[in-house]
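Peer 1: Dumping the structure here so I can ask a few things about it.
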Amino acid sequence: MQFFDRLLLENRAWADDMKASDPEIFQRLHQGQSPAALWIGCCDSRVPAEQICNAKPGELFIHRNIANLVHEDDANVSSVLEYAINALKVDHIIVCGHRGCGGIQAAVSGGDALQALPYVDRHLGQVKRLVAERRPELETFAALSEQVDHVVELNVSAQVERLSGMRLVTDSWRERRAPSLHGWVYDLASGLLEEVCRRDPDGAEAEPAQQSWLRAAAG
Ligand SMILES: [Zn+2]
1 MQFFDRLLLE NRAWADDMKA SDPEIFQRLH QGQSPAALWI GCCDSRVPAE
51 QICNAKPGEL FIHRNIANLV HEDDANVSSV LEYAINALKV DHIIVCGHRG
101 CGGIQAAVSG GDALQALPYV DRHLGQVKRL VAERRPELET FAALSEQVDH
151 VVELNVSAQV ERLSGMRLVT DSWRERRAPS LHGWVYDLAS GLLEEVCRRD
201 PDGAEAEPAQ QSWLRAAAG
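The structure is reproduced here in structure tokens:
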């Protein structure tokens, strides 16, 4: 069976399963959406946003680009932000990076890796600047993979920081004290998410909640 035939067939099976567990689900989703969160993640095929959080259709409004970046001058991500914040009125924005990110690795490696990919190269400009600024710190890590994973975290924090300074976000904070901003990193090797940073609507940096709920979950 061809790959695309399998996808179409699996879609039938998925829709049947969904209806079996929740007979009204598609009628309800057809009426409209009210997602609680905007997810800004990487395009990487190994980081499927809904699946890794067990989220249902309708719960996450999703934007993905290489290395999960926010550019104010990028009409794609800016329009998603505007719609999510001002029309859907999401309560949370999650920026989710992942360890072993190819986009981040290309920016860390430098050299010729991006020469044949001019659009990707331009898109990653802000990551390359971040890498240049933090080069002395990165050189304390022996392995390239450790440098990449460190920049993955720095990059997530930088995106949350950038969001916290955007008019779209600060206007919304003033009007309705939302959305809160969350920086997460997904670990490909374990399948687990980790919280890197959080910003509450007053602009204050909140203590990541993960440690306390992990302790609670561990019982
Ligand atoms: Zn990636």
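In this note's numbering, the protein residues as written are 1 to 219.
Backbone N, C-alpha and C fix where the C-beta goes; we use that ideal spot for every residue, glycine too.
1. Report yes or no: do the segment 26-42 and the segment 53-64 share at least 3 C-beta pairs separated by less than 8 angstroms?
2. Taking C-beta to C-beta, are R122 and V185 nearer than 8 angstroms?
3. For the beta strand (DSSP E) holding F198, just list the boundary residues, first then last.
4. Using only the alpha-carbon positions, how far apart do R256 and I25 sit?
5. Leaving out five residues before and five after V120 in sequence, what residues of the same chain have Cβ atoms less than 8 angstroms from its Cβ?
6. Please state whether DSSP places R215 in a helix, a strand or coil.
7. Of all the options V108, P57, L168 and F4, which has the alpha carbon lying nearest to the alpha carbon of H226?
8. Label A84 either buried or exposed according to how many other C-beta atoms from any shown protein chain fall within 10 Å of its C-beta, with 16 as the threshold for buried.
9. Given that a residue counts as buried once 16 or more other Cβ atoms are within 10 Å of its Cβ, and exposed if not, what is C43?
10. Which residue from V77, A13, P201 and G32 puts its Cα closest to that of D171?
11. For the alpha helix (DSSP H) containing F3, list its first residue and its last residue.
12. Would you mind stating whether R92 and H182 have Cβ atoms separated by less than 8 angstroms?
13. Among P48, P57 and A132, which one has its Cα closest to the Cα of L29?
14. Any chance the CB of C101 is under 7 angstroms from a heavy atom of ligand 1?
15. Is it the case that the CB of D202 approaches a heavy atom of ligand 1 more closely than 7 angstroms?
16. Rounded to a whole number of angstroms, what is the C-alpha to C-alpha distance between S86 and W173?
17. Tell me the rounded alpha-carbon separation between C197 and V160.
18. What span of residues does the beta strand (DSSP E) with A97 cover, start to end?
Peer 2: Taking the geometry as given:
1. yes
2. no
3. Checking the sequence, you will find Arg at residue 198 rather than Phe. First-last of the beta strand (DSSP E) with R198: L192 to R199.
4. This structure gives no information on residue 256, because the portion of the chain shown stretches from 1 to 219.
5. I66, G103, A106 and L114
6. The pLDDT assigned to R215 is 49, lower than 50, so where the model puts this residue is not dependable; a value taken from the coordinates is nonetheless given after this. Three-state DSSP puts R215 in a helix.
7. Residue 226 lies beyond the stretch modelled for the chain, which goes from 1 to 219, so this question has no answer here.
8. buried
9. exposed
10. P201
11. F3 to S21
12. Correcting the residue type first, residue 92 is His in the shown sequence and not Arg. Yes; because the gap between Cβ atoms is below 8 angstroms, this pair is in contact.
13. P57
14. yes
15. no
16. Residue identity differs from the one stated: residue 86 is Asn in this sequence, not Ser. Between N86 and W173, the C-alpha separation is close to 11 angstroms.
17. 8 angstroms
18. Inspection of the sequence shows that residue 97 is occupied by Gly rather than by Ala. Unbroken beta strand (DSSP E) run through G97: H92 to H98.
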